[in-house]
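In the numbering used here, the protein residues as written are 179 to 243.
All residues carry an ideal CB built from backbone N, CA and C; glycine is no exception.
What follows is a single structure, written as structure tokens, with notes after it.
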Amino acid sequence: VLKQYLDFLIQHNLVEEQTLHKKRNKTRVVYAITERGRTVLKYFRELNSALQITEEENKIPASLY
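Here it is as structure tokens:
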């Protein structure tokens, strides 16, 4: 399942796969967020914050208006 999520993020240029070459001829694959990924994450956080504020406003009892 994790691989499917990573593939989706890579296909949409939100994350990139990088290969690190280490000592003793070992390689390691790591995943790094792209600039586009940072932008999407920023907008997601802003939207999530705005939705939480709206949700809290809806919880105020009508008798307080």
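Query, Result
"Sequence-distant residues of the same chain with beta carbon closer than 6 Å to L187, five excluded per side", "V193"
"Start and end residues, beta strand (DSSP E) containing L198", "V193 to H199"
"DSSP-derived helix/strand/coil call for V207", "strand"
"Cβ separation of E224 and Y209, assumed to be a contact under 8 Å, to the nearest whole Å", "Not confirmed; about 24 Å, so no contact."
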